[in-house]
């Protein structure tokens, strides 16, 4: 096919054309799919404008590109993720919608700087009260949107790169660490709810969590057929998650979810107090005639309410919060009457109970690979981090013990 030429015999490039009045134009399609034109009185000026357009497009500054928000790129990036579990998809979307969409999300991607990201993360922690772990989840969403913008040539670098690491460094290790219950706190907590008229129902549930280290979703999803009391183990192979519906698409509901890694599928041995907790649950199940929800074909769940509905992570976290509040209020009155300092319980969460189980294993120098298997950690680094922290505390205990035993000082 012959190349098009202007009235001076110069070859015109793709998109270029000369009008009847002698002027030139260049046509292109923007990111929105709209046909656009630029004009010039001569070919030299036209090509300068083409070069400027190319640079502007690369920087995300075309007529449409300048309006491309982080929200647009996030929605596009999420739609391109193939094979996501529905629970993961909803989790990603919720995280973004809750913390990003109505704030940083409205900003054009080309105007977002590295310092903007850092300031936003600091705002989420300092003003919104988010944990660093939650900010990490938010960071993954923001970074994926900006990565796509980078790959589409809208920005020259991803401003989110290194932002989460900088936040962790700025906050410091102590604020990020989750502490475990001490032995005394664990004992006081269980004794307070054992037989309590309001909280007694939850004694076996939390005793089971403290004695197995199961994730709360794994505990909520346990069925009677997953337990072998004679061989003393529980088979962990799935969990229950609460999925918030996407507006206009689905309703809030519970789903059975499979472990994300092979490490999550495991058998956890049962110690005597855990078996006792199971026996208490069995009596509870008998009293309500073993009525149970059916979720995605799974039924006969162990830890259920009187109507058979399963517990959720949110519900159990709320119960833990209320228990601590009730205990501390009671302890304050008792301590005042006994003229002593009150022994308060700290804030307790589902994950703290799991972390406490892991800490108890570390304190007893259980083999690190055994701990990793019991906890279902995909990476041994997670286990080692906890083990290292416990070992650091034990060093001081051992030194003090040595000082007491050696009669040489």
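Numbering (the numbering used here), first residue to last: 3 to 411. The beta-carbon is built from N, C-alpha and C at its ideal position, and this holds for glycine as well.
Beta bridge counterpart(s) of residue i as assigned by DSSP
| i | result |
| --- | --- |
| residue 242 | 258 |
| residue 303 | 225 |
| residue 287 | Its beta-bridge partners do not exist; DSSP assigns none. |
| residue 230 | 235 |
| residue 42 | 26 |
| residue 312 | 306 |
Coil, strand or helix - residue i by DSSP
| i | result |
| --- | --- |
| residue 37 | strand |
| residue 270 | strand |
| residue 275 | helix |
| residue 112 | helix |
| residue 293 | coil |
| residue 236 | strand |
| residue 62 | With a pLDDT of 47 at residue 62, under the threshold of 50, the modelled position of this residue cannot be trusted; read the value that follows with caution. Coil at residue 62, not helix or strand. |
| residue 182 | coil |
| residue 84 | coil |
| residue 200 | coil |
| residue 263 | coil |
| residue 298 | coil |
| residue 253 | coil |
| residue 118 | helix |
| residue 103 | coil |
| residue 92 | helix |
| residue 188 | helix |
| residue 217 | coil |
| residue 15 | coil |
N-terminal and C-terminal residue of the beta strand (DSSP E) that residue i is part of
| i | result |
| --- | --- |
| residue 28 | 26-31 |
| residue 337 | Here residue 337 belongs to no beta strand (DSSP E); instead the alpha helix (DSSP H) covers 315-339. |
| residue 19 | 18-20 |
Residue i, enclosing alpha helix (DSSP H) - first and last residue
| i | result |
| --- | --- |
| residue 77 | 72-81 |
| residue 9 | Segment: none, residue 9 is in no alpha helix (DSSP H) and carries neither H nor E. |
| residue 209 | 205-214 |
The segment 100-114 touching the segment 282-295, judged by at least three CB pairs closer than 8 Å = Contact between the segment 100-114 and the segment 282-295 is absent, because fewer than three Cβ pairs lie under 8 Å.
Inter-stretch contact at 8 Å, needing at least 3 Cβ pairs: the segment 345-362 / the segment 202-216 | yes
Is there contact here, the segment 67-83 with the segment 146-155, by at least three beta-carbon pairs under 8 Å?
-> yes
Of all the alpha helix (DSSP H) runs that stay within the bounds of the segment 122-174, which reach a length of 4 or more residues?
-> 134-153, 165-173
Check whether the segment 222-236 touches the segment 326-346, counting contact only when three or more Cβ pairs, one atom from each stretch, lie closer than 8 Å.
-> no
Let me know the alpha helix (DSSP H) ranges lying completely inside the segment 340-406, each 4 residues or longer, listed in chain order.
-> 352-365, 370-377
Could you say if the segment 113-133 and the segment 165-174 meet the contact criterion of at least three C-beta pairs nearer than 8 Å?
-> yes
Does the segment 91-103 come close enough to the segment 159-166 to have 3 or more Cβ pairs within less than 8 Å?
-> no
How about the segment 191-205 and the segment 252-272: do they share at least three Cβ pairs that are nearer than 8 Å?
-> no
Cβ contact check for the segment 267-280 and the segment 335-353: 3 or more pairs under 8 Å | Between the segment 267-280 and the segment 335-353, the count of C-beta pairs closer than 8 Å stays below three; the two stretches do not touch.
Sufficient close CB pairs (3 or more, under 8 Å) joining the segment 333-342 to the segment 310-317 = As far as the Cβ criterion goes, the segment 333-342 does not touch the segment 310-317, which means the pair count is below three.
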